[in-house]
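Structure record follows, encoded as structure tokens.
Numbering (the numbering used here), first residue to last: 4 to 78.
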């Protein structure tokens, strides 16, 4: 017996102004859909939030040294 699974992408509409749509389009690359642009932007934000959390953990453990501190601290 063969079983075929199908993933159906359900499109949706997000109301926005023309100005926001044009602005979003400017973030895109040739051939990208609006979904591609938004996914890329959200992935970037997720990584930045993760890095912020890691820096905070290191600071709490007194293991984080900023570049500014490194340049002012003699060897």
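C-beta atoms are modelled at their ideal positions from N, C-alpha and C, and glycine is treated no differently.
Practice problem: Using the Cα positions of residue 32 and residue 54, report the straight-line distance between them to the nearest angstrom. | Solution: Taking the chain shown and counting its residues from 1, the one referred to as residue 32 is at position 29. Taking the chain shown and counting its residues from 1, the one referred to as residue 54 is at position 51. Approximately 26 Å, taken between the alpha carbons.
Quiz item: What are the boundary residues of the alpha helix (DSSP H) that residue 17 is part of?
Solution: On the chain shown, residue 17 is found 14 positions in, with the first residue counted as 1. Here residue 17 belongs to no alpha helix (DSSP H), and DSSP marks it neither H nor E.
Quiz item: So, helix, strand or coil for residue 39, using DSSP?
Solution: Position 36 of the chain shown, counting from 1, holds the residue named residue 39. Looking at residue 39 - three-state DSSP - the assignment turns out to be helix.
Quiz item: What are the boundary residues of the alpha helix (DSSP H) that includes residue 24?
Solution: As a working mapping, residue 24 is identified with position 21 in the chain shown. It spans 21-29 - the alpha helix (DSSP H) in which residue 24 sits, taken as one unbroken run.
Quiz item: Looking at residue 52 and the ligand ZN, is the gap between the Cβ and the nearest heavy atom below 7 Å?
Solution: In terms of ligand content, the structure shown is empty, and the ligand ZN therefore cannot be addressed.
Quiz prompt | C-alpha distance - residue 28 paired with residue 19, whole-angstrom precision | solution = In the chain shown, counting from the first residue as 1, residue 28 sits at position 25. In the chain shown, counting from the first residue as 1, residue 19 sits at position 16. Per the coordinates, the alpha-carbon of residue 28 lies some 13 Å from the alpha-carbon of residue 19.
Practice problem: Specify the secondary structure class of residue 46 as computed by DSSP and reduced to three states. | Solution: Taking the chain shown and counting its residues from 1, the one referred to as residue 46 is at position 43. Here residue 46 carries a helix assignment [DSSP, helix/strand/coil].
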